[in-house]
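Right, one structure below, let's go through it.
In our numbering, the protein residues as written are 96 to 608.
What follows is the structure, encoded as structure tokens:
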């Protein structure tokens, strides 16, 4: 672990402490202004090859064809009467949420700023929604280059998902068993690897349904090891760490006593770089206290020791408080707050497990704590909705992640397999086999940003320095790897080719401590 901390220490130039964080100027947007943020800007076209991810396009095309071919069939009433677009960005397919399986025509959705301007995850801004016929023609052209085996695998996977969605578990089990014998997680193509992991997760869901089991078992040591490998070979974790650190640093300016609550701290690899900047401030270092949340007290204690030793070497006054509970399962009395300290809450979301507990309780506790800043990094994927909603969204999302790894690492690379097996598969399994309101008893928020905006929080636009952090991180990767950085609506979004994968935003309480 020491090596990882030293690596984080060596990346300290990525944080710039000089941009002021003025509560009144930055946060108090006048009510008449409908769009307080500047027009979205595509910072840099990182992708030399303008074609979209082939695997992601397979998913979109085959899903649409399968759903269009489904017969009109009465559902069991558990599916609501509406057709909702479920995949983010340019890859939208209808969810099966109606009294009939016949969906409406698929459409293309983009992000919009407050003035109705379109922010597409392609390589230009603005313009109009793509003509559906043109899109389908483009898909057919691309499909001619796609290997038939990959198409067949994805089609079988989607048919298995439909069987699960209507509780035809026997048929789903037969199809998935057949599918798992056709694929390998070590396969040469991203399509085969994705299908291997999804079919395994869906098979687990079927077995768990029969046995009444829905709790994941997490090996924290293997997860943390894979997390470090992922941090080394892709920009996503660094993007989350450094953009959040910048927002926290700006909120802590001229503050003598500060407190950070990390809702899922793991090994705390994010914090040494921030500690170094705080320790070398012109006005002197603040008193820093940190509350680390997590599921394993053993891991929390070890993380606290590492952070305490690092802070001591810097001469930074530091205290660490571990809480081995989910944030949404505690009350405000368990968080050791002190008068006069500035509070920051950090939440790097993932899908490995439910890190925080019930969303509504998490939101209420955040409101009670009234932090000066909340740094939120969200995966652009929803944990809410029906099984088929979650399946289609996650299939597109993880197809893109697998593609991004495949563009950087050869198929036989052991680090790539560790990431796919110990991180991405666990996330897929949690979304497909474990999650969902019918199994967990709770319907998760689709997007935390919208929930914070509706409650007692105001958004803080990510600063120019936060953008600089993200841009420097992308500069570590050759342009041909296809990463894109987009700034808009006060957020920063990092994606691969035309798909947004992670969104960073900052928030403040309307009456911060």
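Note that CB positions come from ideal geometry on N, CA and C, so glycine has one too. Keep in mind that this is a model prediction, so the values were computed, not measured.
Which same chain residues end up closer than 7 Å to residue 324 when comparing Cβ atoms and leaving out the 5 residues on each side of it in sequence?
510, 513, 514.
Simplified DSSP assignment, three categories, for residue 484:
In this structure, residue 484 counts as helix in the three-state DSSP scheme.
Which residues in the same chain as residue 326 place their Cβ atom closer than 6 Å to its Cβ, once the five residues preceding and following it in sequence are excluded?
Excluding positions up to five away in sequence, the list reads 332.
How long is the line joining the alpha carbons of residue 454 and residue 275, rounded to whole angstroms?
Cα to Cα, the separation comes out at about 35 Å.
What's the C-alpha gap between residue 399 and residue 266?
C-alpha separation (whole angstroms): 49 Å.
Hey, how far is the Cα of residue 373 from the Cα of residue 414?
14 Å
Could you give the DSSP three-state label for residue 605: helix, strand or coil?
coil
C-beta contact flag for residue 555 and residue 606 at 7 Å:
no
Pair every Cβ in the segment 430-439 with every Cβ in the segment 387-404, then say whether three or more of these pairs are closer than 8 Å.
no
With a floor of 4 residues, list each alpha helix (DSSP H) that falls wholly inside the segment 432-485, ordered by position along the chain.
454-464
Applying the criterion that 16 or more other CB atoms from any shown protein chain within 10 Å of the CB defines a buried residue, is residue 329 buried or exposed?
buried
When you compare each of 277, 346, 500, 492 to residue 572 by their alpha carbons, which one comes out closest?
Residue 572 has its Cα closest to that of 500, out of 277, 346, 500, 492.
Sheet register partners of residue 594 (DSSP bridge):
In the DSSP secondary-structure assignment, residue 594 is bridged to 591.
Does DSSP put residue 557 in a helix, in a strand, or in coil?
coil
What residue from 560, 516, 544 has the CA that sits closest to residue 447's CA?
The residue from 560, 516, 544 with its alpha-carbon nearest to that of residue 447 is 516.
Residue 562 - partner residues in DSSP beta bridges
For residue 562, which the question treats as bridged, DSSP gives no partner whatsoever.
Can you tell me the Cα-Cα spacing of residue 294 and residue 285, whole angstroms?
14 Å
By how many angstroms is the C-alpha of residue 497 removed from the C-alpha of residue 596?
Rounded to whole angstroms, residue 596 to residue 497 spans 12 Å at the Cα level.
Does the Cβ of residue 379 have 16 or more other Cβ atoms within 10 Å, making it buried, or fewer, making it exposed?
exposed
Would you mind stating whether residue 299 and residue 291 have Cβ atoms separated by less than 7 Å?
no
What span of residues does the alpha helix (DSSP H) with residue 424 cover, start to end?
Here residue 424 belongs to no alpha helix (DSSP H), and DSSP marks it neither H nor E.
Check whether the Cβ atoms of residue 479 and residue 451 lie closer than 7 Å to each other.
Not in contact: residue 479 and residue 451 (Cβ atoms no closer than 7 Å).
Below 8 Å on the Cβ atoms is my guess for residue 383 versus residue 353; work out the distance and round it to an integer in Å.
Sure, about 6 Å apart at Cβ, within 8 Å.
What three-state label does DSSP hand residue 583 in the structure shown?
strand
Checking 7 Å against the spacing of the C-beta atoms, do residue 297 and residue 255 come in under that value?
yes
Residue environment, residue 345, which counts as buried when at least 16 other CB atoms sit within 10 Å:
buried
Taking the beta carbon of residue 609 as the centre, do at least 16 other beta carbons fall within 10 Å, making it buried, or is it exposed?
Because the chain is modelled from 96 through 608, residue 609 falls outside the range shown and cannot be assessed.
What is the DSSP secondary structure of residue 203, reduced to helix, strand or coil?
In this predicted model, residue 203 has a pLDDT of only 28, less than 50, meaning its place in the structure is not dependable enough to derive any value.
Is the distance from the Cβ of residue 388 to the Cβ of residue 418 below 7 Å?
Result yes, Cβ atoms of residue 388 and residue 418 sit closer than 7 Å.
Compare the beta carbon distance of residue 604 and residue 341 with 7 Å and say whether it is the shorter of the two.
no
Whose CA, out of 368, 355, 440, 362, lies closest to the CA of residue 397?
By alpha-carbon distance to residue 397, the top candidate from 368, 355, 440, 362 is 362.
Identify the residues that DSSP records as bridge partners of residue 356: which are they?
Within the DSSP secondary-structure output, residue 356 pairs in a beta bridge with 386, 440.
Starting from the C-beta of residue 541, find all residues in its chain whose C-beta is less than 6 Å away, skip the five residues before and the five after it, and write them out in chain order.
477, 479
How many angstroms separate the CA atom of residue 394 from the CA atom of residue 587?
31 Å
Where residue 347 sits in the DSSP three-state scheme:
Coil, per DSSP.
Same chain, Cβ closer than 7 Å to residue 489, neighbours up to 5 away in sequence not counted:
Counting only Cβ-Cβ distances below 7 Å, and skipping sequence neighbours, we find 476, 523, 526, 527.
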